[in-house]
Amino acid sequence: MPSPEEAETSNASFKSLGLIDPLLQAVEQMKFTTPTAIQVQALPPALEGRDIIGVAATGSGKTAAFALPILQKLWDDPKGLFACVIAPTRELAFQISEQFEALGSAMGARCAVLIGGVDTISQSVALAKRPHIIVATPGRLSYHLENTKGFNLRNLKYLASTFMCSLLLC
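To convert, take the position in the sequence shown, counting from 1, and add 98; that gives the working numbering.
Below, the structure written as structure tokens:
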């Protein structure tokens, strides 16, 4: 017999969770057939504008669980710097950025990655192009906040961290 969580997940669809058509098309193009447990639990409150804290295993769909609501809100109110995602590693920052770009491509969502090991001048140029979403490691985000003229997070609508659990449980 399936657990209540499994039963809830098996009956859900991205459409029933409230995603708009451009995002429904994006998840279909990415071959996401049904939402995962973390997505079923996170999408409805996130789409209502509520804060969420989600903990799930690697490969469980956590990135889409926070990226889809951010992109949906961006569709409703497409203004400059909209969201910042903080990732612990360069590799994860790139993976998250790729997900945002794939899910948000039909909407014209622009993403910039700020990580160590990459020229800061090229990152400053990327910031000058006014991306909607920034995915950054903490050190490089701090560097640009201190050193890149005109860059700040004052008008930021969403902040997501992919490693808060590690920080809170230490």
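Note that CB positions come from ideal geometry on N, CA and C, so glycine has one too.
Report the CB separation of residue i from residue j in whole angstroms; it is logged as a contact under 8 Å.
| i | j | result |
| --- | --- | --- |
| Arg228 | Leu179 | 7 Å |
| Thr132 | Pro186 | The pair is not a contact, with the Cβ atoms about 29 Å apart (cut-off 8 Å). |
Express the C-alpha separation of residue j and residue i in angstroms, rounding to a whole number.
| i | j | result |
| --- | --- | --- |
| Leu190 | Leu243 | 21 Å |
| Ala210 | Asp119 | 25 Å |
| Tyr256 | Thr246 | 21 Å |
| Val125 | Phe112 | 8 Å |
| Thr134 | Met128 | 14 Å |
| Ala258 | Gly116 | 20 Å |
Quick one, are the C-beta atoms of residue i and residue j less than 8 Å apart?
| i | j | result |
| --- | --- | --- |
| Leu141 | Ala163 | yes |
| Ala204 | Gln123 | yes |
| Cys182 | Ala234 | yes |
| Ala165 | Gln197 | yes |
According to DSSP, simplified to helix, strand and coil, what is residue i?
| i | result |
| --- | --- |
| Pro133 | coil |
| Ala110 | coil |
| Ile118 | coil |
**Item:** In chain order, each alpha helix (DSSP H) run of at least 4 residues that lies wholly inside the segment 200-260
**Value:** 218-226, 236-245
**Message:** As an exercise, report each continuous beta strand (DSSP E) stretch of at least 3 residues that is fully enclosed by the segment 138-192, in chain order.
**Reply:** 181-184
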